[in-house]
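A short write-up of the structure that comes next.
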Amino acid sequence: MLRKFKCVEGCSDCCNYREYYPSVEYGKIGVLILPDEKFRIEEEAKNNNIRINIIPRLGSGRKKKGIGPKKILAYQMMGKKKNGDLCPFLEESNSQTSSHIGLKCKIYENRPLACRAYPIFDDSKGSDIMLDGKCQFCKSCSTTAHKESLGDEIEAFTKIKTTFCREATAEIWRYATAVGEDETRPRFFSEGWVLECT
Ligand code: SF4
Ligand code: SF4
0 MLRKFKCVEG CSDCCNYREY YPSVEYGKIG VLILPDEKFR IEEEAKNNNI RINIIPRLGS
60 GRKKKGIGPK KILAYQMMGK KKNGDLCPFL EESNSQTSSH IGLKCKIYEN RPLACRAYPI
120 FDDSKGSDIM LDGKCQFCKS CSTTAHKESL GDEIEAFTKI KTTFCREATA EIWRYATAVG
180 EDETRPRFFS EGWVLECT
C-alpha cells in the first residue's frame, strides 16, 4: 500500500550523517550545492556567523592543461565533524524543533535544493516515488511514497535533475573528499578530481 511521506518524529538523520559515495574510496560527500546556490549559502553562513567549507563535487569537460574539469557542475558543503558528519547549519541543541521535526536547521527557509529534495531518490515511476533507503521513513515505513505527499520535494528534485541534464557531457569528474572515519582512511583516494568516464 502506498504511504504518505512524513518525517519520523525526532529524526534529523539526513542533516546529521553523511555517506561514502559512490564508494568508500571517494570519501564522504557533503550536501550538494548547485553553482547558482553557492554565493547565497556562503552569505547565509556569514549572516549566521557559521564557518562552512564548500568544495567541488562534480565537473565536466577537461582542462586544456592540468588535471580537472573545465566546468564545475556542483559543489558540496562538508560536515563539520572530522569524520564528515553534521551539517554546520544544524542546531545542536534539541530544545528547538523544525518542520523536519528533529533538530532545527538554522537556514530552513533558505536551505539548499538538495535538502528540499531529500529523500527522493528517483521520480521516474508513475504514481509513487522511490525514496532513499537510508531515510528513517523508509526504514520504519516504506521505500516508496505517494506523489501527492511530496510536492515540494519533487519540485526541488526536478530542478536539480534539469541542471545536470543540461550540463551533461562525455567527461564527468567526481571530487574525492578524503573525509571519513579513521579506520577507512587507508582506502581513500587523495583529495582531488577523479575522471569517471570518457
Ligand atoms: S527526511 Fe528522512 S532522514 Fe531526514 S529527517 Fe525526515 S525522516 Fe529523518
Ligand atoms: S542546510 Fe539545513 S536542511 Fe540542509 S542538511 Fe544542513 S541543517 Fe539539514
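Going by numbering that gives the first Met the number 0, the letters in the sequence shown line up with residues 0 to 197, in that order. Glycine included, C-beta positions come from ideal geometry on N, C-alpha and C. Please read these numbers as outputs of a predicted model, since none were measured by experiment.
Arg56 is the residue among Arg2, Ser189, Arg56, Cys114 whose C-alpha sits nearest the C-alpha of Leu72. Two segments are said to touch when three or more pairs of C-beta atoms, one from each, lie closer than 8 Å; by this definition the stretch 176 to 185 does not touch the stretch 127 to 146. In this structure, the CA atom of Phe187 is about 18 Å from the CA atom of Gln75. Per DSSP, reduced to three states, the secondary structure at Ile49 is coil, with no helix or strand assignment. Here Cys164 is exposed, its C-beta having fewer than 16 other C-beta atoms within 10 Å. Per the DSSP secondary-structure output, Gln75 pairs in a beta bridge with Leu31, Ile54.
Excluding the 5 residues flanking it on each side, Glu190 has same chain C-beta neighbours closer than 7 Å at Ala175, Thr176, Ala177, in chain order. Ala175 is bridged by DSSP to Gly191. Taking the Cα positions, Cys86 is about 13 Å away from Lys27. Take the alpha-carbon of Pro34 and the one of Gly65: they are about 22 Å apart. Counting along the chain, Phe156 sits inside the alpha helix (DSSP H) bounded by residues 150 to 166. Taken from the Cβ of Phe88, at least one heavy atom of ligand 2 lies inside 7 Å. Contact annotation: Ile49 and Phe88 have beta-carbon atoms nearer than 8 Å. Taking C-beta separations shorter than 7 Å and ignoring five residues to either side along the sequence, the partners of Leu112 in its chain run Leu33, Glu36, Ala155, Lys158, Ile159, following chain order. For Asp12, the enclosing alpha helix (DSSP H) starts and ends at 12 to 15. Just so you know, the alpha carbons of Ser11 and Cys137 end up roughly 14 Å apart. Proximity to ligand 1 was defined by a C-beta distance below 5 Å to any of its heavy atoms, and the residues meeting it, in sequence along the chain, are Cys6, Val7, Cys10, Asp12, Cys13, His99, Pro118, Cys134, Gln135, Phe136. Cβ neighbours of Thr183 within its own chain (closer than 6 Å, five residues either side excluded): Val23.
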